Amino acid sequence: MSDNTLTVTEVVNSVTVTPVTNTVTVSEVGTQGPAGTNGTNGTNGTNGATGATGATGATGATGAQGSSGVVTVNAPLTNAGTSSAADLSVSTGTTSAVGVLQLTDSVSSTSTTTAATANAVKTAYDSSLVKGVQLPYRAGLYYKTPNAQYGTQTISHQVTYYTPIFVNTSNTFDRIACTTQATFSGTTTVRLGIYSDSAGSPSTLILDAGTVTPAATATVYQITISQTLATGFYWLAFCQQGTAPTIAAYVGNANSQSVANLLINANTTPTANQLAGFFQLSVTGAFANAGTLTATTGAPFVYIRSA
Amino acid sequence: MKIITYGLGGYDESKPNKNIVEEIDIPDEEQNEADRQA
């Protein structure tokens, strides 16, 4: 059967055949449905390692030649070379042209092509007040505090007397001295020295020259020294020590004999004699920096000799 | 007038003549002239 019809062969016996009323329908199996759609793709794998650096590129071509330089200078600059090989310098200055100047410490030069240092200016300033009244130092001469006259000064034992002096230009001195007067009597020791000045009074010890031993009248006692003093104020120191003499009379600035100069033309009262310097009590042995000072109108002279 | 000169350092017992290196007598006339000129 292929058309869904039942065929019955005719037989002798009667056979009632009830027509089949039902039609059997036999269907063929349908064709297979289409396949399902594909699943989604899996995720990508991780990236691979970075590749090696590439080789260095080739050297570039040489650049084009540069243009020639041009040097233009203005005074005081000068150019002794060429426009492409400069040799620059600064011309020397004069009183009529700007330029480079050599520095100098000299305070006596008459040059018009050098310039003074600050040091030279200070030296000139320090000596400006007395240059006109004090001659330059002369070798072999003795210098002391510049009072008008000298007399007899009877001094106290173990007291340092300081008298001022102004050195008007740097100078070396080779002697320091004191002098006994005709009335001196006995034997003693005198220490001599030099102090710096600070604000008008003795300050720092510069030289303790040592001692002399006065034992005779009218005699100069001096010590060899080698002391250079720069321009400025100083104090010459005298101190009688050891055994006191019977009469301690030395050449000095006696009372009522004023210091006739601008250095110490003063006193603690307007009616007193002008000061000769300062004294300091109870000084024994070697000198130290100045201590307690008292003004005095009388003091023994100390001399220093120019080398 | 006499000038007595000590060497560097002044009086020194350990040195010959106590470090007196020179003694000079100045004639009175010379001294007076020096005083007069002073």
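Residue numbers (the numbering used here), protein chains in the order written: chain A, 16 to 322; chain B, -16 to 21.
Backbone N, C-alpha and C define an ideal beta-carbon position, used for all residues, glycine too.
Please read these numbers as outputs of a predicted model, since none were measured by experiment.
Presumed contact (8 Å Cβ cut-off) between A:A130 and A:L116, rounded CB distance: 4 Å
Neighbouring residues, chain A, relative to B:K(-15) (Cβ below 8 Å): A231, A233, T234 and V235
Buried versus exposed, by CB contacts within 10 Å (16 or more), A:L244: buried
Cβ neighbours of A:T219 in the same chain (closer than 8 Å, five flanking residues each side left out): Y210, S211, S213, N304 and A305
From A:T107, A:F199 and A:N62, residue whose alpha carbon lies closest to that of A:V235: A:F199
Where the region 292 to 316 of chain A meets chain B: residues whose CB sits under 8 Å from a CB there: none
With 16 other Cβ atoms within 10 Å as the buried cut-off, status of A:Y140: exposed
Candidates A:L156, A:G166 and A:C193: closest to A:T187 by CA position: Its Cα nearest to that of A:T187, the residue A:L156 stands out among A:L156, A:G166 and A:C193.
Backbone secondary structure at A:V182 - three-state DSSP: In the displayed model, A:V182 falls within a strand according to three-state DSSP.
A:A214 at chain B interface by Cβ criterion, 8 Å: Cβ-Cβ to chain B under 8 Å: no for A:A214.
Cβ contact (3+ pairs, closer than 8 Å) linking the region 169 to 178 of chain A and the region 289 to 298 of chain A: yes
Rounded distance between the beta-carbons of A:F248 and A:P13, thought under 8 Å: Residue 13 of chain A is absent from the structure shown; chain A starts at 16 and stops at 322.
Proximal residues of chain B, C-beta to C-beta of A:A224 below 7 Å: G(-7)
Contact under 8 Å by Cβ, A:G215 with A:F302: At the C-beta level, A:G215 and A:F302 stay beyond 8 Å of one another.
With 16 other Cβ atoms within 10 Å as the buried cut-off, status of A:R190: buried
Nearest to B:K(-15) (by Cα), restricted to the options A:A70, A:Q237 and A:G60: A:Q237
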